[in-house]
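**Student:**
Residue numbers (the working numbering), protein chains in the order written: chain A, 261 to 488; chain B, 59 to 332.
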């Protein structure tokens with residue numbers, strides 16, 4: 261069955277099935293947007309929290325680590341309730357069952373991973389770098405770029421880990437996206453749907469496509485990370 | 059210097075991407091109004107019937123229907139919270155409560171199909187051809203395994219009703235509640251050589267892949283009626299009540315009845331219009 265699905269997967273990709281391309285595009289769009297937003301918030305947050313001491317910092321980090329393992333279904337449910345017409349946000353802006361809702365849920369899943377992984381590296385490595393830069397008379401801007409450059413590995417690791425988590429996640433996107441055909445259906449929800457219908461070959465083929473995408477993205481980031 | 063410009067360019071393109079993404083997302087949201095959100099059960103969608111009904115409705119009225127296929131329990135909950143415009147479900151008691159509590163209005167009968175008890179061909183519990191009540195009593199003796207949806211769906215509620223009707227509390231080694239949809243449940247029953255209660259539609263659409271056989275059916279107690287209900291606009295003013303009523307009118311029309319009665323999968327008519 262695995263071999264047939266491999267064949268079917270390749271056939272599917274080459275078949276020019278527009279809905280499939282749209283599903284793949286939607287998966288990529290939702291998850292990269294989520295990681296991008298989580299990165300824009302999480303990277304500065306990790307640096308700010310990692311470089312400064314503040315009361316409750318150890319609690320902040322402990323909670324952050326717990327949140328790295330948040331169950332997607334739970335996040336989905338909370339976001340659902342918040343975005344529902346009966347919820348506090350849904351009353352004003354209605355985003356439930358849209359790609360935006362899926363992005364919000366995935367940001368919540370990705371943010372602690374990016375922040376948590378980078379904060380660890382900042383705490384461990386940033387201080388000697390700052391001392392050296394200051395000693396060499398670097399200005400604030402040069403210092404920032406040097407720090408980002410030196411910690412690139414951890415930043416990329418954080419992004420890769422977060423992306424891997426959200427693109428493979430199904431619980432939250434099913435709840436808040438609703439798996440609406442042509443609108444919020446992504447690779448993982450399509451896999452669930454096809455498995456439920458008993459179309460195991462097709463479901464496996466979709467799974468292989470998902471893995472291939474992850475592989476391509478990870479390879480790209482890996483090469484970028486070691487490029488100098 | 060060159061390097062910095064390159065980096066700035068990267069950051070700029072990143073931001074452009076964000077802005078573009080936001081626009082796309084927002085564009086996705088703002089085409090509203092002409093959209094109709096239908097919360098229905100997995101059995102309705104997975105049977106393929108909606109793929110035949112909805113394009114006709116959409117062409118007629120210009121609405122774009124977004125289908126949320128969930129369990130009956132979740133569909134009703136989504137309706138209560140005002141997050142869909144109309145529901146199409148099959149659990150009469152829950153539907154009546156939904157209307158009585160003021161969440162739904164204008165309930166109409168749409169169609170029915172029937173439940174069947176399926177199981178392995180060797181039938182270890184010897185239920186083939188029995189009445190439903192006799193069959194359940196036989197299953198409770200534990201000579202086979204029975205898989206329950208256990209997900210608060212219409213089918214699950216029906217199953218619990220049936221057990222209650224013979225005064226048996228289903229529990230023990232032979233009874234497994236798995237918390238899954240109909241397709242998953244059939245697949246699991248197939249793998250374990252177990253019995254389960256299924257709607258005819260899902261079974262017919264999957265039967266070529268299953269070794270399970272229909273063992274008990276045709277009993278009046280296995281009747282499975284579907285109802286359509288609009289979400290009460292007085293409770294949730296933001297819902298698309300007009301669209302919901304257009305949908306209710308359509309799905310109970312002669313044209314829709316013809317489509318429903320003419321829908322055949324693997325040689326079996328799945329639904330009978332009311």
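For every residue, glycine included, the Cβ atom is placed at its ideal position computed from N, Cα and C. If you're wondering where the values come from, they're calculated on a predicted model, not measured in any experiment.
Taking DSSP as the reference, what is the three-state secondary structure of residue 292 of chain A?
**Tutor:** Locating residue 292 of chain A in the first chain gives position 32, where the first residue counts as 1. Note: residue 292 of chain A maps to helix in three-state DSSP.
**Student:** Tell me, please, which residues DSSP counts as bridged to residue 206 of chain B.
**Tutor:** Counting from one through the second chain, the residue named residue 206 of chain B turns up at place 148. Note: residue 206 of chain B sits in a beta bridge opposite B:235.
**Student:** The beta strand (DSSP E) that contains residue 283 of chain B, what's its start and end?
**Tutor:** On the second chain, residue 283 of chain B is found 225 positions in, with the first residue counted as 1. Residue 283 of chain B -> beta strand (DSSP E) spans 281-289.
**Student:** Nearest CA to the CA of residue 205 of chain B: which residue from B:165, B:100, B:178 and B:113?
**Tutor:** Here the question's residue 205 of chain B lines up with position 147 in the second chain. Considering only alpha carbons, the answer is B:178.
**Student:** With distances taken from CA atoms, which of A:350, A:451 and A:413 is nearest residue 481 of chain A?
**Tutor:** Residue 481 of chain A sits at position 221 when you count from the first residue of the first chain. It is A:413.
**Student:** Starting from residue 224 of chain B, trace the beta strand (DSSP E) in both directions and tell me its first and last residue.
**Tutor:** As a first step, residue 224 of chain B is located in the second chain; it is residue number 166 there, counting from the start. Unbroken run through residue 224 of chain B: none, as it is neither H nor E.
**Student:** Alpha carbons only, please: which of B:129, B:170 and B:171 is nearest the one belonging to residue 152 of chain B?
**Tutor:** Sequence index remark: in the second chain, residue 152 of chain B carries index 94 (1-based). Selected option, being the one with the closest Cα: B:129.
**Student:** Using alpha carbons as the reference points, say which of A:402, A:297 and A:444 lies closest to residue 364 of chain A.
**Tutor:** Stepping through the first chain from its first residue, residue 364 of chain A is reached at position 104. Closest option to residue 364 of chain A, Cα to Cα, is A:297.
**Student:** May I ask you to list the residues that DSSP assigns as paired with residue 127 of chain B?
**Tutor:** The count along the second chain starts at 1 and reaches residue 127 of chain B at position 69. BP columns for residue 127 of chain B point to B:98.
**Student:** Note down the Cα distance separating residue 309 of chain A from residue 380 of chain A, rounded to an integer number of angstroms.
**Tutor:** On the first chain, residue 309 of chain A is found 49 positions in, with the first residue counted as 1. On the first chain, residue 380 of chain A is found 120 positions in, with the first residue counted as 1. When rounded, the distance between both Cα atoms is 10 Å.
**Student:** For residue 110 of chain B, would you say it is in contact with chain A, using Cβ-to-Cβ distances shorter than 7 Å as the test?
**Tutor:** As a working mapping, residue 110 of chain B is identified with position 52 in the second chain. Cβ-Cβ to chain A under 7 Å: no for residue 110 of chain B.
**Student:** By Cβ distance, which residues of its chain are closer than 8 Å to residue 425 of chain A, with the 5 residues on each side in sequence left out?
**Tutor:** Against the first chain, residue 425 of chain A aligns to sequence position 165. Contacts found: 369, 370 and 373.
**Student:** What does the Cβ neighbour count give for residue 220 of chain B, buried or exposed, with the cut at 16 atoms within 10 Å?
**Tutor:** On the second chain, residue 220 of chain B is found 162 positions in, with the first residue counted as 1. So residue 220 of chain B ends up on the buried side.
**Student:** Just the chain D side, please: which residues come within less than 8 Å of residue 302 of chain A by C-beta, in chain order?
**Tutor:** Absence of chain D from the displayed structure is noted, the protein chains being A and B.
**Student:** CB-CB under 8 Å to residue 486 of chain A, same chain, minus the five flanking residues each way: which ones, in chain order?
**Tutor:** Locating residue 486 of chain A in the first chain gives position 226, where the first residue counts as 1. Excluding sequence neighbours, residue 486 of chain A sits near nothing in its chain.
**Student:** Count the C-beta pairs between the region 419-437 of chain A and the region 283-296 of chain A that are closer than 8 Å, then say yes if the count reaches three, no if not.
**Tutor:** At 8 Å Cβ cutoff, the stretches touch.
**Student:** Going along chain B in order, which residues have a C-beta closer than 7 Å to the C-beta of residue 345 of chain A?
**Tutor:** For the purposes of this step, residue 345 of chain A is identified with residue 85 of the first chain, where counting begins at 1. Within 7 Å Cβ-Cβ: 139, 140, 141, 294 and 296.
**Student:** Which residue spans inside the region 393-473 of chain A form an unbroken alpha helix (DSSP H) run of at least 4?
**Tutor:** Fully enclosed alpha helix (DSSP H) runs of 4 or longer: 400-410, 412-427, 431-437 and 447-456.
**Student:** Could you check where the beta strand (DSSP E) with residue 166 of chain B kicks off and where it finishes?
**Tutor:** Stepping through the second chain from its first residue, residue 166 of chain B is reached at position 108. Looking at the DSSP string, the run of the beta strand (DSSP E) that includes residue 166 of chain B is 162-177.
**Student:** Give every residue of the same chain whose Cβ lies closer than 8 Å to the Cβ of residue 287 of chain A, excluding the five residues on either side of it in the sequence, and list them in chain order.
**Tutor:** Residue numbering aside, residue 287 of chain A sits at position 27 when the first chain is read from its first letter. 427, 446, 447, 448, 470 and 473, listed in sequence order.
**Student:** Do residue 208 of chain B and residue 241 of chain B have their beta-carbon atoms positioned less than 7 Å apart in this structure?
**Tutor:** Looking up residue 241 of chain B in the second chain gives position 183. Looking up residue 208 of chain B in the second chain gives position 150. Contact: no.
**Student:** Just to confirm before moving on: does the CB-CB distance between residue 146 of chain B and residue 286 of chain B stay below 7 Å?
**Tutor:** Taking the first residue of the second chain as 1, we reach residue 146 of chain B at position 88. Taking the first residue of the second chain as 1, we reach residue 286 of chain B at position 228. Going by C-beta atoms, residue 146 of chain B is nearer than 7 Å to residue 286 of chain B.
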